[in-house]
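In what follows, a structure is listed as structure tokens, so that the remarks can point back to it.
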Amino acid sequence: MSRPLVLLDVDGVLNAVPLWGGSDAWSDWRTGRAAAEGREFPITWSPTVVQAVRSWRERADVQWLTTWGHSANSSLRHLLELPELPVAGTYDDEEGAAGDPDATGPTHAAVAPAAPDRLTGRWWKFDVVRRLVRSEPGRPVVWLDDDLAGQSDVRAWMRAETDCLLVAPDPDSGLTAGQLAAVEDFLDAHL
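Residue numbers for the sequence shown follow our numbering, beginning at 334 and rising by one.
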């Protein structure tokens, strides 16, 4: 049996982006700044969440799936004290592949729209995930992305195609204790 694959977004998942002050989801919030595409962005995270991500690597392959792209492995991962993680795909991969989730494309990062493109209706992250699921049928997948909220067609496809856990945190708090427990339970069930 293949090791589960954990696909990890940053903003709204690791980086809480509260609109109206702080969230009480964690008591150990930290703040800092990380750079991507030549710009610095504020980061608010819980070391408890980051420790959980580090621990998942013992039971799963953890990969970035974020608009941060390869930039997630520079100042962001150092700020969060995470190891370098593979990048599952980027917006440019899908753009270079002309929207074909079964094609291959270049592997450089770009900060890009997180949700479906207004013109095409396509969501590049879903294209990446479809390609991954099709390339390894039956591999369990945990997908953590706040943009999964409201994506009923994506959720339905995932549940029909693979054993998965789909987690859509509230961006104000990022991952919560209950969501971390759900990931732990899913990974334990696939040992």
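We put the beta carbon where it would ideally sit given N, CA and C, even for glycine. Predicted model only: the values in this text are computed from it and were never measured.
Check: Can you name the start and end residues of the beta strand (DSSP E) that residue 336 belongs to?
Finding: Run containing residue 336: none; DSSP gives neither H nor E here.
Next item on the list: Leaving out five residues on either side along the sequence, give the residues of the same chain with a beta carbon under 8 angstroms from the beta carbon of residue 417.
Entry: The answer, listed in chain order, is 406 and 410.
Notebook entry, point to check: Taking just the CA atoms, how far does residue 357 sit from residue 473?
Noted result: Roughly 31 angstroms separates the two Cα atoms.
Item checked: Assigned secondary structure, residue 399 (DSSP; H/G/I helix, E/B strand, else coil) -> In the three-state DSSP reduction, residue 399 falls in the coil class, being neither helix nor strand.
Notebook entry, point to check: Which residues does DSSP pair with residue 394 in a beta bridge?
Noted result: Answer is 338, bridged to residue 394.
Notebook entry, point to check: Is the distance from the Cβ of residue 471 to the Cβ of residue 345 below 8 angstroms?
Noted result: Contact flag unset, no.
Notebook entry, point to check: With distances taken from CA atoms, which of 335, 342 and 336 is nearest residue 461?
Noted result: Nearest Cα to residue 461 within the set 335, 342 and 336: 342.
Checklist line | Residues bridged to residue 344 (per DSSP) | finding: The secondary-structure analysis by DSSP pairs residue 344 across a beta bridge with 348.
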